[in-house]
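In UniProt numbering, the protein residues as written are 1 to 325.
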(Lines of atoms letter the chains of each structure in order from A and count residues from 1; the text may use other names and numbers.)
(Lines give C-alpha, C1' and ligand atoms only; values in the text may rest on other atoms or scores of the structure.)
Protein backbone atom coordinates (compact mmCIF):
# COMPACT_ATOMS: atom_id res chain seq x y z
CA UNK A 1 0.00 0.00 0.00
CA UNK A 2 1.24 3.55 -0.77
CA UNK A 3 2.71 5.00 2.42
CA UNK A 4 0.70 8.24 2.54
CA UNK A 5 -2.57 6.35 1.95
CA UNK A 6 -1.91 3.86 4.73
CA UNK A 7 -3.22 4.38 8.26
CA UNK A 8 -0.40 2.21 9.61
CA UNK A 9 2.93 3.40 10.93
CA UNK A 10 6.22 2.08 9.61
CA UNK A 11 8.61 0.44 12.05
CA UNK A 12 11.35 2.95 11.20
CA UNK A 13 9.03 5.79 12.28
CA UNK A 14 8.40 4.45 15.79
CA UNK A 15 9.93 6.08 18.83
CA UNK A 16 11.86 3.99 21.37
CA UNK A 17 8.87 4.09 23.70
CA UNK A 18 6.62 2.82 20.91
CA UNK A 19 9.10 0.07 20.05
CA UNK A 20 9.04 -1.07 23.68
CA UNK A 21 5.24 -0.94 23.70
CA UNK A 22 5.16 -2.99 20.51
CA UNK A 23 7.54 -5.55 22.03
CA UNK A 24 5.36 -5.81 25.15
CA UNK A 25 2.16 -6.39 23.18
CA UNK A 26 3.94 -8.89 20.91
CA UNK A 27 5.20 -10.95 23.85
CA UNK A 28 1.74 -10.91 25.42
CA UNK A 29 0.18 -12.01 22.13
CA UNK A 30 2.71 -14.82 21.73
CA UNK A 31 1.99 -15.99 25.25
CA UNK A 32 -1.73 -16.10 24.47
CA UNK A 33 -1.07 -18.07 21.29
CA UNK A 34 0.95 -20.65 23.21
CA UNK A 35 -1.75 -20.81 25.89
CA UNK A 36 -4.29 -21.34 23.12
CA UNK A 37 -2.22 -24.20 21.69
CA UNK A 38 -1.95 -25.73 25.16
CA UNK A 39 -5.70 -25.41 25.83
CA UNK A 40 -6.48 -27.05 22.48
CA UNK A 41 -4.14 -29.98 23.22
CA UNK A 42 -4.67 -30.40 26.95
CA UNK A 43 -7.44 -33.00 26.91
CA UNK A 44 -5.92 -35.39 24.38
CA UNK A 45 -2.21 -34.45 24.45
CA UNK A 46 -1.42 -33.26 28.01
CA UNK A 47 2.36 -33.65 27.70
CA UNK A 48 2.55 -31.45 24.59
CA UNK A 49 0.17 -28.99 26.26
CA UNK A 50 2.63 -28.73 29.17
CA UNK A 51 5.43 -27.86 26.71
CA UNK A 52 3.40 -24.98 25.26
CA UNK A 53 2.45 -23.84 28.77
CA UNK A 54 6.15 -23.63 29.56
CA UNK A 55 6.82 -21.60 26.42
CA UNK A 56 3.94 -19.26 27.33
CA UNK A 57 5.50 -18.74 30.75
CA UNK A 58 8.79 -17.79 29.05
CA UNK A 59 7.03 -15.18 26.92
CA UNK A 60 5.22 -13.78 29.96
CA UNK A 61 8.60 -13.39 31.67
CA UNK A 62 9.91 -11.45 28.67
CA UNK A 63 6.87 -9.17 28.78
CA UNK A 64 7.42 -8.43 32.47
CA UNK A 65 11.06 -7.49 31.85
CA UNK A 66 10.01 -5.15 29.07
CA UNK A 67 7.28 -3.60 31.23
CA UNK A 68 9.81 -3.00 34.03
CA UNK A 69 12.17 -1.28 31.57
CA UNK A 70 9.32 0.87 30.22
CA UNK A 71 8.40 1.98 33.75
CA UNK A 72 12.01 2.93 34.42
CA UNK A 73 12.44 4.94 31.23
CA UNK A 74 8.99 6.23 30.32
CA UNK A 75 6.65 5.65 33.26
CA UNK A 76 3.56 3.52 33.76
CA UNK A 77 1.54 4.64 30.72
CA UNK A 78 2.29 2.17 27.92
CA UNK A 79 1.10 3.31 24.45
CA UNK A 80 -1.43 1.06 22.77
CA UNK A 81 0.40 -0.21 19.71
CA UNK A 82 0.09 -3.69 18.24
CA UNK A 83 1.37 -5.66 15.27
CA UNK A 84 -1.53 -4.68 13.06
CA UNK A 85 -0.71 -1.00 13.59
CA UNK A 86 2.73 -1.34 11.95
CA UNK A 87 2.85 -1.73 8.15
CA UNK A 88 6.15 -3.61 7.83
CA UNK A 89 5.94 -5.67 11.02
CA UNK A 90 5.61 -9.46 11.02
CA UNK A 91 2.18 -10.98 11.59
CA UNK A 92 0.99 -13.97 13.56
CA UNK A 93 -1.60 -16.51 12.51
CA UNK A 94 -4.84 -15.98 14.47
CA UNK A 95 -4.98 -18.17 17.53
CA UNK A 96 -8.32 -19.66 16.46
CA UNK A 97 -6.48 -21.44 13.64
CA UNK A 98 -5.15 -23.79 16.31
CA UNK A 99 -8.49 -25.61 15.91
CA UNK A 100 -7.28 -26.87 12.53
CA UNK A 101 -3.58 -27.35 13.26
CA UNK A 102 -1.93 -30.64 14.12
CA UNK A 103 0.68 -30.91 16.87
CA UNK A 104 3.48 -30.79 14.30
CA UNK A 105 1.92 -27.71 12.69
CA UNK A 106 1.81 -25.99 16.08
CA UNK A 107 5.46 -26.81 16.75
CA UNK A 108 6.44 -25.48 13.31
CA UNK A 109 4.43 -22.31 13.95
CA UNK A 110 6.21 -21.89 17.29
CA UNK A 111 9.61 -22.04 15.54
CA UNK A 112 8.50 -19.34 13.09
CA UNK A 113 7.27 -17.18 15.98
CA UNK A 114 10.61 -17.42 17.78
CA UNK A 115 12.62 -16.56 14.64
CA UNK A 116 10.40 -13.55 13.92
CA UNK A 117 10.75 -12.31 17.48
CA UNK A 118 14.52 -12.76 17.38
CA UNK A 119 14.83 -10.64 14.23
CA UNK A 120 12.59 -7.97 15.71
CA UNK A 121 14.71 -7.65 18.86
CA UNK A 122 17.93 -7.54 16.85
CA UNK A 123 16.64 -4.69 14.67
CA UNK A 124 15.15 -2.86 17.66
CA UNK A 125 18.45 -3.14 19.58
CA UNK A 126 20.37 -1.61 16.67
CA UNK A 127 18.02 1.37 16.66
CA UNK A 128 18.09 1.99 20.40
CA UNK A 129 20.26 4.83 21.73
CA UNK A 130 19.85 3.83 25.37
CA UNK A 131 22.46 1.37 26.66
CA UNK A 132 20.12 -0.42 29.09
CA UNK A 133 17.38 -0.76 26.48
CA UNK A 134 19.85 -2.03 23.88
CA UNK A 135 21.25 -4.55 26.35
CA UNK A 136 17.80 -5.88 27.25
CA UNK A 137 16.74 -6.15 23.60
CA UNK A 138 19.94 -8.00 22.75
CA UNK A 139 19.35 -10.33 25.68
CA UNK A 140 15.81 -10.99 24.51
CA UNK A 141 17.07 -11.67 20.98
CA UNK A 142 19.49 -14.21 22.42
CA UNK A 143 16.68 -15.68 24.54
CA UNK A 144 14.45 -16.10 21.48
CA UNK A 145 17.36 -17.71 19.61
CA UNK A 146 17.83 -20.04 22.57
CA UNK A 147 14.18 -21.00 22.76
CA UNK A 148 14.88 -24.04 20.62
CA UNK A 149 17.14 -25.26 23.41
CA UNK A 150 14.55 -24.34 26.02
CA UNK A 151 11.85 -26.08 24.01
CA UNK A 152 14.06 -29.16 23.91
CA UNK A 153 14.39 -29.01 27.69
CA UNK A 154 10.61 -28.75 28.07
CA UNK A 155 10.15 -31.67 25.69
CA UNK A 156 12.57 -33.81 27.70
CA UNK A 157 10.81 -32.79 30.91
CA UNK A 158 7.24 -33.47 29.81
CA UNK A 159 7.38 -35.66 26.70
CA UNK A 160 8.73 -38.91 28.08
CA UNK A 161 8.85 -41.99 25.88
CA UNK A 162 5.63 -43.21 27.48
CA UNK A 163 3.94 -39.84 26.87
CA UNK A 164 5.10 -39.81 23.24
CA UNK A 165 3.70 -43.31 22.68
CA UNK A 166 0.41 -42.35 24.30
CA UNK A 167 0.09 -39.17 22.23
CA UNK A 168 1.03 -41.00 19.03
CA UNK A 169 -1.72 -43.53 19.69
CA UNK A 170 -4.19 -40.74 20.43
CA UNK A 171 -3.27 -38.89 17.23
CA UNK A 172 -3.58 -42.10 15.19
CA UNK A 173 -6.98 -42.81 16.72
CA UNK A 174 -8.13 -39.25 15.99
CA UNK A 175 -6.97 -39.57 12.38
CA UNK A 176 -8.86 -42.83 11.99
CA UNK A 177 -12.07 -41.50 13.52
CA UNK A 178 -11.98 -38.15 11.70
CA UNK A 179 -10.81 -39.13 8.22
CA UNK A 180 -10.41 -42.88 7.63
CA UNK A 181 -13.65 -44.20 9.11
CA UNK A 182 -16.00 -41.64 7.46
CA UNK A 183 -14.03 -41.83 4.22
CA UNK A 184 -14.18 -45.62 4.20
CA UNK A 185 -17.92 -45.58 4.90
CA UNK A 186 -18.38 -43.13 2.04
CA UNK A 187 -16.24 -45.15 -0.35
CA UNK A 188 -18.18 -48.31 0.48
CA UNK A 189 -21.52 -46.57 0.05
CA UNK A 190 -20.52 -44.87 -3.18
CA UNK A 191 -18.96 -47.98 -4.67
CA UNK A 192 -21.76 -50.39 -3.74
CA UNK A 193 -24.99 -48.37 -3.64
CA UNK A 194 -24.49 -46.88 -7.12
CA UNK A 195 -23.84 -50.25 -8.76
CA UNK A 196 -27.50 -51.15 -9.13
CA UNK A 197 -28.74 -47.92 -10.77
CA UNK A 198 -25.72 -47.61 -13.06
CA UNK A 199 -25.73 -51.17 -14.36
CA UNK A 200 -29.51 -51.36 -14.45
CA UNK A 201 -29.52 -48.28 -16.67
CA UNK A 202 -26.66 -49.65 -18.77
CA UNK A 203 -28.36 -52.95 -19.56
CA UNK A 204 -31.82 -51.42 -19.90
CA UNK A 205 -30.79 -48.75 -22.41
CA UNK A 206 -27.37 -49.85 -23.69
CA UNK A 207 -26.83 -46.10 -24.09
CA UNK A 208 -23.44 -45.15 -22.63
CA UNK A 209 -24.17 -41.41 -22.35
CA UNK A 210 -27.44 -41.96 -20.51
CA UNK A 211 -25.71 -44.45 -18.23
CA UNK A 212 -22.96 -41.94 -17.49
CA UNK A 213 -25.50 -39.22 -16.63
CA UNK A 214 -27.36 -41.56 -14.29
CA UNK A 215 -24.07 -42.60 -12.67
CA UNK A 216 -22.97 -38.98 -12.30
CA UNK A 217 -26.28 -37.99 -10.73
CA UNK A 218 -26.29 -41.00 -8.41
CA UNK A 219 -22.68 -40.39 -7.31
CA UNK A 220 -23.03 -36.67 -6.67
CA UNK A 221 -26.40 -37.10 -4.97
CA UNK A 222 -25.10 -39.86 -2.74
CA UNK A 223 -21.99 -37.81 -1.91
CA UNK A 224 -24.04 -34.80 -0.85
CA UNK A 225 -26.41 -36.97 1.18
CA UNK A 226 -23.62 -38.91 2.92
CA UNK A 227 -21.63 -35.75 3.61
CA UNK A 228 -24.51 -33.94 5.28
CA UNK A 229 -25.62 -37.05 7.14
CA UNK A 230 -22.15 -37.63 8.58
CA UNK A 231 -21.69 -33.99 9.55
CA UNK A 232 -25.13 -33.73 11.16
CA UNK A 233 -25.01 -37.04 13.00
CA UNK A 234 -22.34 -36.07 15.53
CA UNK A 235 -20.58 -32.79 16.35
CA UNK A 236 -17.58 -34.74 17.65
CA UNK A 237 -17.52 -33.07 21.06
CA UNK A 238 -18.63 -36.05 23.13
CA UNK A 239 -17.51 -38.87 20.87
CA UNK A 240 -14.09 -37.39 20.11
CA UNK A 241 -14.52 -38.20 16.42
CA UNK A 242 -13.22 -34.83 15.26
CA UNK A 243 -14.81 -31.82 13.61
CA UNK A 244 -18.13 -32.51 11.90
CA UNK A 245 -17.15 -30.68 8.72
CA UNK A 246 -13.99 -32.77 8.32
CA UNK A 247 -15.91 -36.01 8.65
CA UNK A 248 -18.59 -34.70 6.30
CA UNK A 249 -16.03 -33.77 3.66
CA UNK A 250 -14.26 -37.13 3.96
CA UNK A 251 -17.50 -39.07 3.68
CA UNK A 252 -19.04 -36.95 0.91
CA UNK A 253 -15.96 -36.82 -1.30
CA UNK A 254 -15.21 -40.53 -1.01
CA UNK A 255 -18.84 -41.44 -1.68
CA UNK A 256 -18.74 -39.41 -4.88
CA UNK A 257 -15.38 -40.90 -5.89
CA UNK A 258 -16.66 -44.42 -5.25
CA UNK A 259 -19.62 -43.91 -7.55
CA UNK A 260 -17.78 -42.05 -10.28
CA UNK A 261 -15.19 -44.80 -10.55
CA UNK A 262 -17.50 -47.10 -12.46
CA UNK A 263 -19.58 -44.31 -14.05
CA UNK A 264 -16.69 -42.68 -15.91
CA UNK A 265 -16.02 -45.68 -18.21
CA UNK A 266 -19.42 -44.99 -19.82
CA UNK A 267 -17.94 -41.90 -21.41
CA UNK A 268 -16.61 -44.48 -23.89
CA UNK A 269 -19.25 -44.69 -26.66
CA UNK A 270 -18.88 -48.47 -27.23
CA UNK A 271 -21.27 -50.18 -24.78
CA UNK A 272 -19.48 -53.48 -24.16
CA UNK A 273 -16.04 -51.87 -23.95
CA UNK A 274 -17.36 -49.40 -21.38
CA UNK A 275 -19.14 -52.15 -19.45
CA UNK A 276 -16.09 -54.43 -19.28
CA UNK A 277 -13.91 -51.55 -18.07
CA UNK A 278 -16.57 -50.56 -15.52
CA UNK A 279 -16.66 -54.13 -14.17
CA UNK A 280 -12.85 -54.11 -13.83
CA UNK A 281 -13.06 -50.78 -11.97
CA UNK A 282 -15.69 -52.23 -9.63
CA UNK A 283 -13.40 -55.19 -8.90
CA UNK A 284 -10.49 -52.83 -8.10
CA UNK A 285 -12.71 -50.60 -5.91
CA UNK A 286 -13.99 -53.50 -3.84
CA UNK A 287 -10.52 -54.94 -3.26
CA UNK A 288 -9.23 -51.45 -2.37
CA UNK A 289 -11.96 -51.18 0.27
CA UNK A 290 -10.95 -54.55 1.67
CA UNK A 291 -7.30 -53.43 1.80
CA UNK A 292 -8.19 -50.18 3.62
CA UNK A 293 -10.26 -52.12 6.16
CA UNK A 294 -7.35 -54.46 6.74
CA UNK A 295 -4.72 -51.67 6.84
CA UNK A 296 -6.45 -49.13 9.05
CA UNK A 297 -9.35 -50.86 10.77
CA UNK A 298 -7.46 -54.09 11.60
CA UNK A 299 -10.14 -56.22 9.89
CA UNK A 300 -8.74 -59.58 8.71
CA UNK A 301 -8.23 -59.25 4.97
CA UNK A 302 -10.08 -62.43 4.01
CA UNK A 303 -13.12 -61.47 6.09
CA UNK A 304 -13.11 -57.91 4.73
CA UNK A 305 -12.80 -59.20 1.17
CA UNK A 306 -15.65 -61.66 1.61
CA UNK A 307 -17.94 -59.01 3.09
CA UNK A 308 -17.21 -56.29 0.54
CA UNK A 309 -16.76 -58.37 -2.58
CA UNK A 310 -19.78 -60.58 -1.84
CA UNK A 311 -21.99 -57.60 -1.08
CA UNK A 312 -20.79 -55.72 -4.15
CA UNK A 313 -21.29 -58.76 -6.38
CA UNK A 314 -24.86 -59.19 -5.17
CA UNK A 315 -25.71 -55.51 -5.83
CA UNK A 316 -24.01 -55.67 -9.24
CA UNK A 317 -25.96 -58.81 -10.14
CA UNK A 318 -29.21 -57.18 -9.01
CA UNK A 319 -28.56 -54.17 -11.21
CA UNK A 320 -27.77 -56.31 -14.26
CA UNK A 321 -30.83 -58.53 -13.74
CA UNK A 322 -33.17 -55.58 -13.29
CA UNK A 323 -31.74 -53.80 -16.31
CA UNK A 324 -31.86 -56.92 -18.49
CA UNK A 325 -35.42 -57.67 -17.54
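For every residue, glycine included, the Cβ atom is placed at its ideal position computed from N, Cα and C.
In the structure shown, residue 9 falls within a strand segment according to DSSP collapsed to helix, strand and coil. Separation of residue 211 and residue 282 (C-alpha to C-alpha, rounded to the nearest whole angstrom) is 15 Å.
Going by C-alpha positions, residue 65 is about 32 Å away from residue 102. By the C-beta density criterion, residue 324 is exposed, having fewer than 16 other C-beta atoms within 10 angstroms. With a cut-off of 8 Å on Cβ pairs, the stretch 7-24 is in contact with the stretch 64-81, counting three or more such pairs. Here the alpha carbons of residue 48 and residue 42 stand approximately 8 Å from one another. Rounded to the nearest whole angstrom, the C-alpha separation of residue 114 and residue 192 is 51 Å.
Residues 56, 59, 60 of the same chain have their beta carbon placed closer than 6 Å to that of residue 31, with the five preceding and five following residues left out of the count. For the set 272, 268, 263, 225, the Cα lying nearest the Cα of residue 249 is the one of 225.
The DSSP assignment places 46-74, 103-127, 131-145 as complete runs of the alpha helix (DSSP H) inside the UniProt domain "Rubrerythrin diiron-binding" (18-153), in order along the chain (cut-off: 4 residues).
Nearest to residue 322 by C-alpha distance, out of 107, 195, 253, 39, is 195. The three-state reading of DSSP puts residue 297 in coil, since its state is none of H, G, I, E or B. The closest CA to that of residue 261, considering only 190, 182, 72, is found on 190.
The C-beta of residue 306 has fewer than 16 other C-beta atoms within 10 Å across all chains shown, which makes the residue exposed. Here residue 256 is buried, its C-beta having at least 16 other C-beta atoms within 10 Å.
It is roughly 10 Å from the alpha-carbon of residue 315 to the alpha-carbon of residue 200.
The beta-carbon separation of residue 274 and residue 205, rounded to 12 Å, does not stay under the 8 Å limit for a contact. If the five residues before and after residue 214 are omitted, its C-beta is found closer than 7 Å to the C-beta atoms of 197, 198, 201, all from its own chain and listed in chain order. Cβ neighbours of residue 293 within its own chain (closer than 6 Å, five residues either side excluded): 299, 304. Inclusion of residue 253 and residue 223 in the CB contact set at 8 Å is warranted, their separation being smaller than that value. Of the candidates 309, 219, 246, the residue whose Cα lies closest to the Cα of residue 279 is 309.
In this structure, residue 63 and residue 24 form a Cβ contact; the two beta carbons are roughly 6 Å apart against a cut-off of 8 Å. The shortest CA-to-CA distance from residue 216 to any of 301, 108, 263, 233 is the one to 263. Closest in alpha carbon position to residue 272, among 220, 203, 145, 296, is 203. CA-CA distance, residue 246 to residue 38, rounds to 22 Å.
In the structure shown, residue 242 adopts coil according to DSSP, grouped into three states. For the 8 Å CB-CB criterion, residue 26 and residue 143 do not form a contact. Distance from residue 251 to residue 227 at the Cβ level is roughly 6 Å; contact confirmed, criterion being Cβ atoms closer than 8 Å. With contacts defined as CB atoms closer than 8 Å, residue 277 and residue 268 qualify as a contacting pair. Here the alpha carbon of residue 15 sits roughly 37 Å from the alpha carbon of residue 40. The beta carbons of residue 296 and residue 176 sit about 6 Å from each other, so the pair counts as a contact at 8 Å.
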